[in-house]
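Engineer: I'd like to ask some things about the structure below.
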Amino acid sequence: MKTVAINGYGTIGKRVADAVAAQDDMKVVGVSKTRPNYEARTAVEEKGYPLYIGIPEREQMFKDAGIEIAGTVEEMIQEADVVVDCTPGSIGPQNLEMYKKAGVKAIYQGGEDHELTGLSFNAISNYDDSYGADYTRVVSCNTTGLTRTLSTIDPIADIKKVRAVMVRRGSDPSEIKKGPINAIVPNPPKVPSHHGPDVKTVMKGIDVTTMALLVPTTLMHQHNIMVEINNDVETEEIIEALEKRSRVIVVSAEEGLGSTAELMEYAKELGRNRNDLYEIPVWRESINVVGNELFYMQAVHQESDVIPENIDAIRALLEMESDNEKSIAKTNKAMGIF
Ligand code: NAD
Numbered sequence: 360m361k362t363v364a365i366n367g368y369g370t371i372g373k374r375v376a377d378a379v380a381a382q383d384d385m386k387v388v389g390v391s392k393t394r395p396n397y398e399a400r401t402a403v404e405e406k407g408y409p410l411y412i413g414i415p416e417r418e419q420m421f422k423d424a425g426i427e428i429a430g431t432v433e434e435m436i437q438e439a440d441v442v443v444d445c446t447p448g449s450i451g452p453q454n455l456e457m458y459k460k461a462g463v464k465a466i467y468q469g470g471e472d473h474e475l476t477g478l479s480f481n482a483i484s485n486y487d488d489s490y491g492a493d494y495t496r497v498v499s500c501n502t503t504g505l506t507r508t509l510s511t512i513d514p515i516a517d518i519k520k521v522r523a524v525m526v527r528r529g530s531d532p533s534e535i536k537k538g539p540i541n542a543i544v545p546n547p548p549k550v551p552s553h554h555g556p557d558v559k560t561v562m563k564g565i566d567v568t569t570m571a572l573l574v575p576t577t578l579m580h581q582h583n584i585m586v587e588i589n590n591d592v593e594t595e596e597i598i599e600a601l602e603k604r605s606r607v608i609v610v611s612a613e614e615g616l617g618s619t620a621e622l623m624e625y626a627k628e629l630g631r632n633r634n635d636l637y638e639i640p641v642w643r644e645s646i647n648v649v650g651n652e653l654f655y656m657q658a659v660h661q662e663s664d665v666i667p668e669n670i671d672a673i674r675a676l677l678e679m680e681s682d683n684e685k686s687i688a689k690t691n692k693a694m695g696i697f
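My numbering puts the first residue of the sequence shown at 360, with every later residue one more than the last.
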C-alpha cells in the first residue's frame, strides 16, 4: 500500500484526497491546510484525514477553533511515498526544495509552469514519460480536456494542425471575489494563449494554437476546436473513436444535454461525489468532418477532470503499474468513471 500526502486541501486537493482514498493500492497519510476553515474541519471530522498545517505559526488558530492537527507539512511528507501538491500556483515552487530535502516524490498541478518539473503528465498521451520520475506536473483542466480528445483523434485522423477557442469559466463556484460578473474578457488578451504550448508538453510535435476568453459562469469551460487532418476519415469514425475512449463521453443536445448547466445536472443524476463530471463531454451534433477539417465542441468540468489523472500520475511515479491503460481502468473503476 503506497502512502500519499496531499499538500493544499482546496478545490483540487480535497478531490484528490477522496480519489486516493477510493483506490485499493494507495492511502491518504495526511492533508494540509493553512487556515482552520470548514474544509479543515470536515477533513478531520467527516473524512477522518490526519490534518497537518502549512504554516506552523498558526497552530494556536487551529487549537482555538477546536480542530485537531497531526503536525506540520514537513512532518506529513516524512510519512509519504509521494506528495500531491495542490497549493495555489506561486506556492508550489517554494515547496520543491522541501520535497527534495525530504527525498519525497511530488506531483504538481497545472497552475505551475512546466519548467518547474521539466515533465508534464496526461495518462492517455504520455504516461510513460513520468514512469519512475521524481517529479511531474498534471497539466491544467483545459489542457487535459484538449489532450484527451486530440490524442484520441490523432491516431485515426493524423492531425496536421489544431486551432481552438476556449471559453473559460470566470471562477470556481465557491469563489466570491473573482469575476467577471458582466463582461466577456479576452484572457489572456494575447494570442496565442498558454493552452496550446501546454498541450505540446504532453503531445510532442503537435501544431496547436489557442485563444481564450473568460465569461460570467462558474460551472464549466467550453472549447471550440478546429482540426486540419491528413487522413480521409468520416464523421462517424471520429464519433466512434470518442465513444470508445474512456474519460470522454459523447453527449447529445437533442437528449437534453445541450449546455454546461444541463451537463452539471447530469453529473448530479449520476450521483457522483461532489457532483463531479470527470469525463470530457463532446457534443455529438458538433462533430463534423468537412473536407480535410474536423470541427467539434466540448466542455470541461474544471474542478474534476484532472483528478483521475493525479491518481494515474501517482502510479507512474511510484512504478505501481507500467501499463497506462491498466492504471486508467483501475482508477476509473474505483471512481465510477465511464
Ligand atoms: P484552492 O485555492 O482551491 O486550494 C489551494 C489550497 O492550498 C487551499 O486550501 C489553501 O489553503 C492551501 N494553501 C495555500 N498556501 C499553502 C501553503 N503554503 N501550504 C499548504 N497549503 C497551502 O486552489 P485550487 O483551485 O485547488 O488549485 C490548486 C492547483 O490546481 C493550482 O495549481 C491550480 O492552477 C490547479 N488547478 C485548478 C483547477 C480549478 O479549476 N480549480 C483545475 C485544474 C488545476
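The beta-carbon is built from N, C-alpha and C at its ideal position, and this holds for glycine as well. Nothing here was measured: the structure is a model prediction, and the numbers come from that model.
Would you tell me roughly how many angstroms separate the C-alpha atoms of Met-562 and Lys-392, rounded to the nearest one?
Structural biologist: Cα to Cα, the separation comes out at about 34 Å.
Engineer: Using the Cα positions of Cys-445 and Gly-451, report the straight-line distance between them to the nearest angstrom.
Structural biologist: Going by the C-alpha atoms only, they are around 8 Å apart.
Engineer: Using a Cβ cut-off of 9 Å (strictly closer), state whether Gly-462 contacts chain C.
Structural biologist: Checking the listed chains, one finds no chain C in this structure; it contains a single protein chain.
Engineer: Would you call the CB atoms of Ile-639 and Gln-661 closer than 9 Å?
Structural biologist: Not a contact, by the Cβ cut-off of 9 Å.
Engineer: Take the Cβ of Pro-532 as the centre, count every other Cβ of all protein chains shown within 10 Å, and call the residue buried at 16 or more, exposed below.
Structural biologist: Exposed.
Engineer: I need the boundaries of the alpha helix (DSSP H) containing Asp-671, first residue and last residue.
Structural biologist: Taken as a continuous stretch (DSSP letters only), the alpha helix (DSSP H) holding Asp-671 covers 666–676.
Engineer: Below 8 Å, is the gap between the Cβ of Arg-394 and the nearest heavy atom of the ligand NAD?
Structural biologist: Checking every heavy atom of the ligand NAD against the Cβ of Arg-394, one is found closer than 8 Å.
Engineer: Expressed to the nearest angstrom, what Euclidean distance is found between the alpha-carbon atoms of Ile-557 and Gly-491?
Structural biologist: Rather than Ile, the amino acid found at residue 557 in this sequence is Asp. Looking at the two C-alpha atoms, the distance is approximately 22 Å.
Engineer: Does the Cβ of Val-432 lie closer than 8 Å to at least one heavy atom of the ligand NAD?
Structural biologist: Result yes, Cβ under 8 Å from the ligand NAD.
Engineer: Using the Cβ count rule (16 or more neighbours within 10 Å means buried), how would you classify Tyr-397?
Structural biologist: With fewer than 16 Cβ atoms within 10 Å of its Cβ, Tyr-397 is classed as exposed.
Engineer: Looking at the secondary structure, which residues open and close the alpha helix (DSSP H) in which Arg-328 lies?
Structural biologist: Residue 328 lies beyond the stretch modelled for the chain, which goes from 360 to 697, so this question has no answer here.
Engineer: Alpha carbon to alpha carbon, how far is Ala-688 from Ala-626? Give it in angstroms, no decimals.
Structural biologist: The straight-line gap from Cα to Cα measures roughly 20 Å.
Engineer: Measure the beta-carbon distance from Met-435 to Val-388 and round it to whole angstroms, keeping in mind my assumption that it falls under 8 Å.
Structural biologist: That pair is a contact at about 7 Å.
Engineer: Between the beta-carbon of Ala-571 and the beta-carbon of Asn-541, is there less than 9 Å?
Structural biologist: Cβ distance not < 9 Å, so Ala-571 and Asn-541 don't count as in contact.
Engineer: Applying the 10 Å Cβ sphere with the 16-neighbour rule, what's the burial state of Ser-663?
Structural biologist: Label assigned to Ser-663: buried.
Engineer: Could you check the C-alpha separation between Phe-697 and Pro-409 for me, to the nearest Å?
Structural biologist: About 31 Å.
Engineer: Tell me whether Ser-746 is buried or exposed, calling it buried when 16 or more other Cβ atoms sit within 10 Å of its Cβ.
Structural biologist: A query on residue 746 cannot be resolved here, the shown segment of the chain reaching from 360 to 697 and no further.
Engineer: Measuring alpha carbon to alpha carbon, tell me which of Val-524, Glu-596, His-553 and Ala-439 ends up nearest Ala-516.
Structural biologist: Nearest of Val-524, Glu-596, His-553 and Ala-439 to Ala-516, Cα basis: Glu-596.
Engineer: According to the neighbour-count rule (16 or more other Cβ atoms, all chains shown, within 10 Å of its Cβ), is Pro-667 buried or exposed?
Structural biologist: Per the 10 Å Cβ criterion, buried.
Engineer: Verify whether the separation of the beta carbon atoms of Arg-604 and Asp-377 is less than 9 Å.
Structural biologist: Not closer than 9 Å, so no.
Engineer: Using the Cα positions of Lys-400 and Glu-438, report the straight-line distance between them to the nearest angstrom.
Structural biologist: First, the residue type needs correcting, since residue 400 is Arg and not Lys in the sequence shown. So the alpha carbons of these two residues sit roughly 22 Å apart.
Engineer: Spatial neighbours of Arg-701 within its chain, please: C-beta separation below 7 Å, excluding the five flanking residues on both sides.
Structural biologist: The shown model of the chain, from 360 to 697, leaves out residue 701, and the question about it has no answer.
Engineer: Who pairs with Met-585 in a beta bridge, going by DSSP?
Structural biologist: DSSP output for Met-585 lists Arg-522 and Phe-654 as bridge partner(s).
Engineer: Run the CB neighbour count on Asn-590, radius 10 Å, all protein chains shown included, and call it buried at 16 or more, exposed below.
Structural biologist: Counting Cβ neighbours within 10 Å, Asn-590 comes out exposed, since fewer than 16 surround it.
Engineer: Can you look up Ser-391 in the DSSP assignment and give me helix, strand or coil?
Structural biologist: Here Ser-391 sits in strand by DSSP.
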